[in-house]
Amino acid sequence: MKLKGTQILFEILKQEKVDTIFGYPGGAVLDIYDELYKTDIRHVLVRHEQGAVHAADGYARASGKVGVCLVTSGPGATNTVTGVATANMDSIPLVVFTGQVATHLIGNDAFQECDITGITRPCTKHNFLVRNIDDLTETIRKAFWIARSGRPGPVLVDLPKNVMASETEFNTEPPKRRKMDVAYEPTPETYDEILEMIRQAKRPVLMIGGGIVLGGASTELTAFARKLQIPVTGTLMGLGAFPGTDPLWLGMVGMHGTYYANMSVTNTDLLIIIGARCDDRVTSKLDCFACGAKIIHVDVDESSIEKNVAVDLALVSDAKRALGHLNKMIEERHYSINPAERSDWLNQIQDWKQQEPLRYEQTDKVIKPQYVIEKLYELTKGEAIITTEVGQNQMWTAQFYHFDRPHAFISSGGLGTMGYGLPAAIGAQCALPDKLVVDIAGDGSIQMNIQEMATAVQQNLPVKVVLLNNGFLGMVRQWQELFYEKRYSQTDMTHQPDFVKLAEAYGWVGLRTDSAAEVESMLKQAIATPRPVLIDFHVDREEGVYPMVRPGAGINEMTLCPWRKCD
Amino acid sequence: MERKEHIISLLVKNEPDVLARIAGALGGKGYNIESLCVNATADYRVSKIILTTRGNAATLNRIEKLLNKLIDVIQVDVVNLDRFVQKELTLAKIKISDEFRAKLAVDIDSYKWKVVWLDGDYLIVEVTADKDEMDKILSHLSELGMVEYTRTGTIVIER
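In order, the protein sequence lines correspond to chains F and G. Read in order, the letters of the first sequence are residues 6 to 572 in the working numbering. Read in order, the letters of the second sequence are residues 9 to 167 in the working numbering.
Now the structure itself:
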């Protein structure tokens with residue numbers, strides 16, 4: 006059957022079971038948009054291409070599926086770069102289709118031409134420029150496969166206008182599913198060795214990352230940790246992969262990790278890292294990171310192992326396979342842990358938890374941002390899908406909203422992209438229309454993609470924005486307070502719009518309070534409103550995120566609050 | 009820290025931006041490519057790249073993993089010179105002077121360099137040698153009036 010390039014694109018999207026795409030039309034993609042008009046695929050029209058990529062990313066994180074975007078050439082394509090880099094750092098499977106000028110114009114500095122494959126080469130998992138219609142089918146299929154296989158990531162496919170307008174033979178029969186490449190088959194001895202190392206350990210800790218969420222390994226992880234009574238800490242990306250209400254949960258590790266997580270990792274004799282890449286926000290000073298411990302590192306991406314932290318045993322495997330295999334061995338061998346063997350270690354951790362819990366003080370005056378998040382947690386019973394912006398709002402969310410399920414915490418971890426939360430919430434709400442989706446935002450970040458409020462209204466998406474408004478770029482201000490003698494250089498954001506009026510202008514419900522007594526009722530009102538709602542909470546302007554590990558310090562050397570450090 | 013030279017042999021897809029991806033993957037992480045040789049293999053869809061870089065064992069390990077991650081890279085081999093033959097080729101242009109004319113003639117003869125071009129003022133010789141040898145030959149030739157040279161960089165093949 007002869008089909009046009011544009012038709013082939015939508016045929017394959019159908020085969021890949023894509024029902025929602027996020028995009029923005031333009032000259033180079035007019036033919037594709039004309040074809041879209043004839044399909045029943047849902048297109049979410051954003052207000053800026055960066056929003057399209059973040060929305061597709063939020064959609065992917067909430068659903069576990071590949072997120073898809075469609076934008077035009079030139080500025081449409083360059084506007085996606087921040088979103089693509091965000092997804093790349095957090096290993097989120099996306100396929101981004103960009104329009105391109107006709108092939109005979111490429112290289113001529115044509116109108117709205119740019120070398121987007123060149124620009125995104127370092128921030129995609131892979132990218133393609135389709136120069137020939139005969140390569141189109143195979144390229145798009147490959148793009149989906151690459152995006153979701155192994156360590157997932159964004160794939161960009163650049164589609165020249167003339168290629169998409171030309172015809173070729175299309176085989177409607179979808180190809181047989183490619184077998185996932187398994188580059189490494191760990192030997193049984195490797196697994197034996199892992200169990201033996203655990204048997205010998207007195208103070209084991211599991212440190213899990215986004216790989217558990219992406220690899221769908223939460224059930225296996227939870228069974229494994231509970232069976233062997235190993236306490237679990239997580240990186241930001243790992244939140245929700247292990248139940249946040251489980252007694253074995255230690256909270257987040259690292260720069261703003263809990264006292265007890267950081268102390269556990271510092272004092273462990275066996276650290277089992279799964280699906281985490283150990284960046285500087287997690288490890289801080291490497292010499293002090295689990296320095297007395299044996300380290301096991303399991304990751305699907307070989308290049309993440311021993312990149313920063315030297316390990317005693319490396320296992321290149323996806324988390325689900327590895328943990329599933331270990332659980333099976335445990336069952337077959339009736340391997341179990343005598344609770345008495347762990348009791349000293351678990352008691353020690355319990356002491357740390359009691360000594361230094363996460364804390365803040367809510368007086369009857371100004372609203373503490375942590376209080377808002379805690380109330381939101383209580384009112385939603387921890388069941389909301391939470392997106393965040395980046396900065397203090399993100400860290401307080403990580404600390405005070407206890408995620409029990411994977412895919413419920415959606416945040417830009419690696420790149421730390423301000424402006425991520427609102428479009429990501431829109432994408433998540435598209436994936437999960439019946440769930441409550443809340444973006445916990447700061448007044449700086451929210452203004453970076455605030456135009457997407459219009460998208461939410463157009464799509465009838467009842468997302469909520471909980472704005473923790475302190476009139477500062479709060480995290481930068483906190484660093485200036487601690488390390489730059491309170492010289493608040495360019496972090497004061499008090500000149501800001503009236504967020505309530507702005508929300509109303511976009512067709513949202515806008516609410517505002519500066520009273521702690523009203524926090525609960527206002528959150529209740531927002532949750533009960535079947536429309537998008539923004540609540541502008543005027544919070545304590547100079548509240549900080551604690552504990553905090555100063556850059557360059559060991560993770561056990563925490564500042565617990567502005568006037569108190571660890572011994 | 010020991011910063012040894014390492015030779016890496018790659019089989020890659022013979023496609024327009026593959027070299028850019030490889031250079032970008034290494035350059036983006038701060039690793040320098042010191043020499044590079046690229047050519048299609050007998051199978052025109054596949055190219056062979058021989059590159060050399062410098063670093064300690066950990067660096068080499070990271071480079072190997074980074075290259076393995078690239079979709080268009082088919083195979084990565086860190087070259088162990090115990091198992092490989094290594095050569096490079098240089099074209100050297102030498103100004104003929106009365107002072108060194110006789111010495112040059114003797115060297116060309118004894119080292120079996122091939123004269124590929126000659127006129128009254130200049131000659132160009134083709135020299136094949138392994139890397140260390142080549143370094144020595146080039147410093148010797150510069151004393152005999154070499155004005156310019158072009159060097160292929162290391163190429164290797166497994167024994």
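Beta carbons: idealized from backbone N, C-alpha and C, even for Gly.
(request) Along the alpha helix (DSSP H) that carries residue 388 of chain F, what are the first and last residues, could you check? (result) What you label residue 388 of chain F is simply residue 383 of the first sequence in a count that begins at 1. It is not in any alpha helix (DSSP H) - residue 388 of chain F carries neither H nor E in the DSSP assignment.
(message) Check whether the stretch 121 to 137 of chain G and the stretch 89 to 109 of chain G are in contact - that is, three or more C-beta pairs closer than 8 Å.
(response) Segments in contact, yes.
(message) Please tell me whether residue 56 of chain G and residue 17 of chain G are closer than 8 Å, where the distance is taken between their beta carbons.
(response) The count along the second sequence starts at 1 and reaches residue 56 of chain G at position 48. The count along the second sequence starts at 1 and reaches residue 17 of chain G at position 9. For residue 56 of chain G and residue 17 of chain G, yes; Cβs fall inside 8 Å.
(request) Rank F:424, F:469, F:495, F:562 by C-alpha distance to the C-alpha of residue 477 of chain F and give the top, closest one. (result) Locating residue 477 of chain F in the first sequence gives position 472, where the first residue counts as 1. Relative to residue 477 of chain F, the option among F:424, F:469, F:495, F:562 whose CA is nearest is F:495.
(message) Let me see if you follow: with CB-CB separation under 8 Å, is residue 127 of chain F close to chain G or not?
(response) For this step, residue 127 of chain F is matched to residue 122 along the first sequence. Judged by the 8 Å Cβ criterion, residue 127 of chain F is in contact with chain G.
(message) Taking the beta strand (DSSP E) that residue 263 of chain F belongs to, which residues open and close that run?
(response) To locate residue 263 of chain F, count along the first sequence from 1; it is residue 258. That residue, residue 263 of chain F, is in no beta strand (DSSP E); it is neither H nor E in DSSP.
(request) List the DSSP bridge partners of residue 108 of chain G. (result) Indexing the second sequence from 1 puts residue 108 of chain G at position 100. Answer is none; residue 108 of chain G lacks a bridge partner.
(request) Helix, strand or coil for residue 43 of chain G, going by three-state DSSP, please let me know. (result) Taking the second sequence and counting its residues from 1, the one referred to as residue 43 of chain G is at position 35. Strand.
(request) Could you tell me the distance, in whole angstroms, from the CA atom of residue 165 of chain G to the CA atom of residue 95 of chain G? (result) Reading the second sequence from its first residue, position 157 is the one you call residue 165 of chain G. Reading the second sequence from its first residue, position 87 is the one you call residue 95 of chain G. Whole-angstrom Cα-Cα distance: 9 Å.
(request) Give a yes or no on whether the C-beta atoms belonging to residue 391 of chain F and residue 437 of chain F are separated by under 8 Å. (result) The sequence position of residue 391 of chain F within the first sequence is 386, counting from 1. The sequence position of residue 437 of chain F within the first sequence is 432, counting from 1. For residue 391 of chain F and residue 437 of chain F, no; Cβs fall outside 8 Å.
(request) Spell out the partners DSSP gives residue 130 of chain G in its beta bridges. (result) Locating residue 130 of chain G in the second sequence gives position 122, where the first residue counts as 1. Its beta-bridge partners are G:103.
(request) Return the CA-CA distance between residue 20 of chain G and residue 80 of chain G, expressed in angstroms with no decimal places. (result) To locate residue 20 of chain G, count along the second sequence from 1; it is residue 12. To locate residue 80 of chain G, count along the second sequence from 1; it is residue 72. Cα to Cα, residue 20 of chain G sits roughly 6 Å from residue 80 of chain G.
(message) Which residue wins for smallest C-alpha separation from residue 359 of chain F, given the options F:131, F:565, F:265?
(response) On the first sequence, position 354 is the one that residue 359 of chain F refers to. Ranking F:131, F:565, F:265 by Cα distance to residue 359 of chain F puts F:265 first.
(message) Since residue 80 of chain F and residue 218 of chain F should fall inside the 8 Å C-beta cutoff, what is the C-beta to C-beta distance between them, to a whole number of angstroms?
(response) Position 75 of the first sequence holds residue 80 of chain F. Position 213 of the first sequence holds residue 218 of chain F. Not a contact, Cβ separation roughly 33 Å.
(request) Following the continuous beta strand (DSSP E) through residue 319 of chain F, name the residue where it begins and the one where it ends. (result) As a working note, residue 319 of chain F is residue 314 in the first sequence. It spans 318 to 321 - the beta strand (DSSP E) in which residue 319 of chain F sits, taken as one unbroken run.
(message) Closer than 9 Å between beta carbons: that is the criterion. Which residues of the stretch 19 to 30 of chain G meet it against chain F?
(response) 24, 25, 28, 29
(message) Using the three-state DSSP reduction, which class does residue 23 of chain G fall into: helix, strand or coil?
(response) For the purposes of this step, residue 23 of chain G is identified with residue 15 of the second sequence, where counting begins at 1. DSSP places residue 23 of chain G in coil when its eight states are reduced to three.
(message) the ligand FMN and residue 82 of chain G: does any heavy atom of the ligand fall closer than 7 Å to the residue's C-beta?
(response) The ligand FMN is absent from the structure shown, which contains no ligands of any kind.
(message) Measuring only the C-alpha atoms, how far is residue 62 of chain F from residue 122 of chain F?
(response) Residue 62 of chain F sits at position 57 when you count from the first residue of the first sequence. Residue 122 of chain F sits at position 117 when you count from the first residue of the first sequence. Their backbone Cα atoms lie some 19 Å apart in a straight line.
(request) Look up residue 464 of chain F in the DSSP assignment and say whether it is helix, strand or coil. (result) By 1-based counting over the first sequence, the position of residue 464 of chain F is 459. It is coil, neither helix nor strand.
(message) Considering only DSSP beta bridges, list what residue 8 of chain F is partnered with.
(response) In the first sequence, counting from the first residue as 1, residue 8 of chain F sits at position 3. Looking at the DSSP assignment, residue 8 of chain F forms a beta bridge with F:173.
(request) Take residue 37 of chain F as the anchor and find which of F:9, F:21, F:56 has the nearest alpha-carbon. (result) Residue 37 of chain F sits at position 32 when you count from the first residue of the first sequence. Looking at the Cα atoms, F:9 is the closest of the given residues.
(message) Helix, strand or coil, according to DSSP, for residue 157 of chain G in the structure here?
(response) Taking the first residue of the second sequence as 1, we reach residue 157 of chain G at position 149. Strand.
(request) Measure the C-alpha to C-alpha separation of residue 387 of chain F and residue 409 of chain F and round it to an integer number of angstroms. (result) Sequence index remark: in the first sequence, residue 387 of chain F carries index 382 (1-based). Sequence index remark: in the first sequence, residue 409 of chain F carries index 404 (1-based). In a straight line, the C-alpha of residue 387 of chain F is about 7 Å away from that of residue 409 of chain F.
(request) Let me know the beta strand (DSSP E) ranges lying completely inside the stretch 295 to 365 of chain F, each 3 residues or longer, listed in chain order. (result) 299 to 304, 318 to 321
(request) Quick one: measure Cβ to Cβ for residue 332 of chain F and residue 561 of chain F, integer angstroms, because I've assumed they're closer than 8 Å. (result) For this step, residue 332 of chain F is matched to residue 327 along the first sequence. For this step, residue 561 of chain F is matched to residue 556 along the first sequence. About 32 Å separates the beta carbons of residue 332 of chain F and residue 561 of chain F, which is beyond the 8 Å limit, so they are not a contact pair.
(message) According to DSSP, is residue 443 of chain F part of a helix, a strand, or is it coil?
(response) Here residue 443 of chain F is taken as the residue at index 438 of the first sequence, counted from 1. DSSP places residue 443 of chain F in strand when its eight states are reduced to three.
(message) Any beta carbon of chain F sitting closer than 8 Å to that of residue 58 of chain G?
(response) Counted from its first residue, the second sequence places residue 58 of chain G at position 50. Taking Cβ atoms only, chain F never reaches closer than 8 Å to residue 58 of chain G, which makes this a no.
(request) Determine the chain G residues that contact residue 109 of chain F at a beta-carbon separation under 8 Å, and present them in chain order. (result) If you number the first sequence from 1, residue 109 of chain F lands on position 104. What residue 109 of chain F touches in chain G: nothing, since even the nearest Cβ is about 16 Å away.
(request) Express the C-alpha separation of residue 533 of chain F and residue 374 of chain F in angstroms, rounding to a whole number. (result) If you number the first sequence from 1, residue 374 of chain F lands on position 369. If you number the first sequence from 1, residue 533 of chain F lands on position 528. For residue 374 of chain F and residue 533 of chain F, the distance between alpha carbons rounds to 21 Å.
(message) Is the separation between the beta-carbon of residue 454 of chain F and that of residue 418 of chain F shorter than 8 Å?
(response) The count along the first sequence starts at 1 and reaches residue 454 of chain F at position 449. The count along the first sequence starts at 1 and reaches residue 418 of chain F at position 413. No, Cβ-Cβ distance for residue 454 of chain F and residue 418 of chain F is not below 8 Å.
(request) Would you tell me roughly how many angstroms separate the C-alpha atoms of residue 38 of chain G and residue 73 of chain G, rounded to the nearest one? (result) The residue you call residue 38 of chain G lines up with position 30 of the second sequence. The residue you call residue 73 of chain G lines up with position 65 of the second sequence. Distance between the alpha carbons of residue 38 of chain G and residue 73 of chain G: 15 Å.
(message) Please report the distance separating the alpha-carbon of residue 47 of chain F from that of residue 195 of chain F.
(response) If you number the first sequence from 1, residue 47 of chain F lands on position 42. If you number the first sequence from 1, residue 195 of chain F lands on position 190. C-alpha separation (whole angstroms): 47 Å.
(message) What does DSSP give as the partner residue(s) for residue 96 of chain G in the beta ladder?
(response) As a working note, residue 96 of chain G is residue 88 in the second sequence. Bridge partners of residue 96 of chain G: G:137.
(message) Taking only three categories from DSSP, how would you classify residue 79 of chain F?
(response) Mapped onto the first sequence, residue 79 of chain F falls at position 74. Three-state result, residue 79 of chain F: coil.
(request) Under the assumption that residue 60 of chain F contacts residue 429 of chain F (Cβ atoms under 8 Å), give the Cβ distance between them as a whole number of angstroms. (result) Taking the first sequence and counting its residues from 1, the one referred to as residue 60 of chain F is at position 55. Taking the first sequence and counting its residues from 1, the one referred to as residue 429 of chain F is at position 424. About 7 Å separates the two Cβ atoms, so the contact holds.
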